[in-house]
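Student: In my numbering, the protein residues as written are 11 to 110.
Cβ atoms here follow ideal geometry from the backbone N, Cα and C, with glycine treated the same way.
A quick note: this is a predicted structure, and the numbers were derived from the prediction, not measured.
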Amino acid sequence: KNKFGSNVVEKCIKVSNRKQKNLLIYVLQSNHHIIPSMIKHCYGNYVIKALLNDSNKKNQSLLIKTIKFYCPNIKDSAESNKYCKDLVKEISKIEMNLYQ
Numbered sequence: 011k012n013k014f015g016s017n018v019v020e021k022c023i024k025v026s027n028r029k030q031k032n033l034l035i036y037v038l039q040s041n042h043h044i045i046p047s048m049i050k051h052c053y054g055n056y057v058i059k060a061l062l063n064d065s066n067k068k069n070q071s072l073l074i075k076t077i078k079f080y081c082p083n084i085k086d087s088a089e090s091n092k093y094c095k096d097l098v099k100e101i102s103k104i105e106m107n108l109y110q
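#1: With residue 94 and residue 23 assumed to form a contact (beta carbons below 8 angstroms), what rounded beta-carbon distance in angstroms separates them?
#2: Which residue from 105, 56, 108, 78 puts its Cα closest to that of residue 15?
#3: Ordered along the chain, which non-local residues of its own chain (more than five positions away) have a Cβ less than 7 angstroms from that of residue 65?
#4: With residue 45 and residue 80 assumed to form a contact (beta carbons below 8 angstroms), what rounded beta-carbon distance in angstroms separates them?
#5: Return the first residue and the last residue of the alpha helix (DSSP H) that residue 96 is part of.
#6: Considering only the beta carbon of each residue, do residue 53 and residue 12 sit closer than 9 angstroms?
#7: Identify the continuous alpha helix (DSSP H) that holds residue 55 and give its terminal residues.
#8: Secondary structure at residue 17, three-state DSSP: helix, strand or coil?
#9: Taking the C-alpha atoms as reference points, what is the distance between residue 62 and residue 39?
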């Protein structure tokens with residue numbers, strides 16, 4: 011819930027193996043309240059972005075689908091929330107690479 015905690019989790023994502031990332035994505039998928047609150051949080055959104063950027067294409071696609079499922083109005087939220095706006099840009103960039 012703070013900048014230091016976010017930095018620790020981001021570092022853990024960076025050094026984690028594929029199995030550990032799979033587990034983290036599974037936990038995020040299984041707990042419907044986590045992703046929306048992380049996306050809108052000033053530091054939590056960095057954790058989501060780190061996971062997106064440091065995952066393989068399969069996990070990126072899975073995480074993006076999960077985000078869109080739990081936050082179907084994320085693009086509308088981006089208008090009122092700077093953190094959502096940054097995440098929407100990141101998702102768009104990743105989606106362009108996924109489908110090329």
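Tutor: In this structure, then:
#1: Residue numbering aside, residue 94 sits at position 84 when the sequence shown is read from its first letter. Residue numbering aside, residue 23 sits at position 13 when the sequence shown is read from its first letter. About 20 angstroms separates the two Cβ atoms, so there is no contact after all.
#2: Locating residue 15 in the sequence shown gives position 5, where the first residue counts as 1. Closest option to residue 15, Cα to Cα, is 56.
#3: What you label residue 65 is simply residue 55 of the sequence shown in a count that begins at 1. Cβ within range, chain order: 31, 73.
#4: Taking the first residue of the sequence shown as 1, we reach residue 45 at position 35. Taking the first residue of the sequence shown as 1, we reach residue 80 at position 70. Residue 45 to residue 80, Cβ: 5 angstroms. Contact.
#5: Within the sequence shown, residue 96 is the residue found at index 86, counting from 1. From DSSP, the alpha helix (DSSP H) with residue 96 extends over 92 to 108.
#6: The count along the sequence shown starts at 1 and reaches residue 53 at position 43. The count along the sequence shown starts at 1 and reaches residue 12 at position 2. Yes; because the gap between Cβ atoms is below 9 angstroms, this pair is in contact.
#7: Locating residue 55 in the sequence shown gives position 45, where the first residue counts as 1. Segment 54 to 63, the alpha helix (DSSP H) holding residue 55.
#8: Along the sequence shown, one-based indexing puts residue 17 at 7. Helix, per DSSP.
#9: Working through the sequence shown from its first residue, we reach residue 62 at position 52. Working through the sequence shown from its first residue, we reach residue 39 at position 29. Using only the alpha carbons, I get a separation of about 14 angstroms.
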